[in-house]
Structures are given as C-alpha cells and as structure tokens.
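Residue numbers (our numbering): 6 to 298.
Here a beta-carbon is modelled for each residue, glycine too, at the ideal position from N, C-alpha and C.
Here the structure is a predicted model, which means the values were calculated and not measured.
One structure is given here, and the rest of the page talks about it.
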C-alpha cells in the first residue's frame, strides 16, 4: 500500500482483509474533537465546514454519519450530480473548451448537492451583514475556499496519523463545476454567483500548491494531485491572494468558464488527448510562472 499522508489514504482497503486502514468512527471523533478545541474564528469555521461536507460525501464516512435510508437517497443524488459535473468538466478538453451544460434532467440531483452545501455554509458562516445570500455570509464562505486551496486549513490528527481538511485531489476543480451548473439551472444562483470567481481563481492556488513533482509526474491528471506534494514554501502570500481576487473580480460567468478551461488544461496536461491552446478569458487565466512569495 502507498504511504499514508492524508485522510483519504485511510480509506484504501487492505487487499487481504478488506478493512480500512483506520476506523471511520475513530477518525471522525478525533477530527470533531480537534475542531471543537480550536478557538472561535475563521479557521475553525472553515475546518468545520469542510469536515461536515466530507463526512457526508466521502464513501467511507457517509454510512456512519447518515441514517441508512437518508444515506441511500443521498448517494443516489450525489452520484447523479457528479455524473453531470464530470461530463461538463470533460468537455473542457475538447475543441475550443466550451463546456457542455449539465442536463436539466439532473436538476433534482444537482439541487440536492447544492442544498447540502448551502445548509452547511449557513451553519458555518451565518449571515451577519449586508454581504449575504441565502442566509450565508458570502465573503466568509469565499475566504474559506481560498484558505482550503492554500493549505491554511490543514490539521494533523496524531491518533490516526494523517493530515486532513485539505484538498485530496484535482477534484477540487469540481467545486467550480457545481457552481456553474447551479447558475445554469437557476439553483441557489444568488449564492453561487458571488462565490464562483473565488472557486475558479483558487484553482490556480491549488494547482501551484499541490502539483506533483514534474520529474516523477511530467504530465499529471486530476488523480496525480495529492497532499503528499504539499509544499508550504509554495503557499500564496496575502499580497498574491489580494492580487488574484482583484484579477477575477468583475468577470462574467462566461469569462470565468473560459478561465476554468484554461486552468484545467494547464493543470492536467495528462488528461485525455493532447490539448489545444485554451481560449483567452480576457484576463490572465493560467497559473503564474512566478514562484509564490
């Protein structure tokens, strides 16, 4: 088996016994206790949001979090929504990169996924001012995604010996795909529209921070991005993050879609056939060649 680095590694089953590397219940209990011990503030809120999402979406954790009937319905909706998001993402690598809209037939499944995230966001970032939507303090939610992509929410659990509350693969890009789909299908669009620029912009941060070693993995795909490649020296400074926010502020959903295509083709050159150059989004939309700092 591969080295255990991230919580995701715990859910690889032993080839002989079929058992996980750790008990899902022990992991959940330790992480919940670690978060509860943190002082109130944005770091605790961000970790709590991603913990609550993970325990409901990770296949090894959801069965011990949700009642059986709720789990079955949840998994069915989640799989349906992800199927549509995968097709939307895949289309970024074909032709001019214009994504295929998610089918309206998946509206219920995508709505289920959106409702889940909106509910968790309201719990972690309750509306407290004028910059709110759907009961969520949008700037706080956007900041949590930025911290998540930048590895600022990482938390080590000594009991199970892993890092957690960080992106575990290139599927981080699917947060933006969900937001695009929700806007297209008019599902919680008032929540997703203001968060979308952050979800697309932070793809660049994530790709900088978790990209594989170019010698070992010269043409990575989504699964090649893993916490083992995390390098704190590449974390983005506040100055760079402010510049990134400014760069993506005011972009239309169409601009952001083109930027997301450019990000995907830049980050995942090993995905499918060789990629044609992505169309320009009007502003720079590929990871900066400059080192962080």
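By alpha-carbon positions, which one of the options ends up nearest to residue i?
i: residue 209; options: 165, 256 and 155; result: 155
i: residue 258; options: 248, 246 and 204; result: 204
i: residue 202; options: 241, 228, 223 and 255; result: 255
i: residue 104; options: 58, 270 and 243; result: 270
i: residue 152; options: 246, 57 and 176; result: 246
i: residue 149; options: 52, 214, 253 and 21; result: 52
i: residue 113; options: 86, 77, 93 and 94; result: 86
i: residue 23; options: 177, 143 and 65; result: 65
Output needed for residue i: all residues of its chain with C-beta closer than 6 Å, excluding positions within five of it in sequence on either side, in chain order.
i: residue 161; result: 168
i: residue 26; result: 15
i: residue 57; result: 125
i: residue 294; result: Reliability of the predicted coordinates at residue 294 is poor, the pLDDT of 31 falling under 50, and the value obtained from them is presented with this limitation in mind. Cβ neighbours of residue 294 beyond the five flanking positions: none.
i: residue 177; result: 211
i: residue 119; result: 187, 192 and 193
Exposed or buried, what is residue i when buried is set at 16 or more other beta-carbons lying within 10 Å of its beta-carbon?
i: residue 237; result: exposed
i: residue 189; result: buried
i: residue 171; result: buried
i: residue 200; result: buried
i: residue 263; result: buried
i: residue 73; result: exposed
i: residue 3; result: Residue coverage of the chain in this structure runs from 6 to 298, which leaves residue 3 outside it and unanswerable.
i: residue 107; result: buried
i: residue 29; result: buried
State yes or no: is the C-beta of residue i within less than 8 Å of the C-beta of residue j?
i: residue 33; j: residue 60; result: yes
i: residue 91; j: residue 186; result: no
i: residue 11; j: residue 163; result: no
i: residue 89; j: residue 121; result: no
i: residue 179; j: residue 54; result: no
i: residue 250; j: residue 206; result: yes
What does a CB cutoff of less than 8 Å around residue i pick up in its chain, not counting 5 residues either side in sequence?
i: residue 141; result: 123, 126, 127, 130, 131, 132 and 196
i: residue 216; result: 225, 230, 234 and 272
i: residue 194; result: 187 and 188
i: residue 37; result: 56
With 8 Å set as the bound, which would you pick, yes or no: does the beta-carbon of residue i sit closer than that to a beta-carbon of chain D?
i: residue 102; result: The question asks about chain D, but that chain is absent: this structure has only one protein chain.
Can you give me the Cβ contacts of residue i inside the same chain, cut-off strictly under 7 Å, excluding the 5 residues immediately before and after it?
i: residue 71; result: 61 and 79
i: residue 39; result: 160 and 162
i: residue 280; result: Note that residue 280 scores 42 on pLDDT, short of 50, meaning its location in the model is unreliable; the coordinates nonetheless yield the value given after this. If we look at residue 280 and ignore the five residues flanking it on each side, its Cβ neighbours are 98, 270 and 274.
i: residue 146; result: 126, 130 and 200
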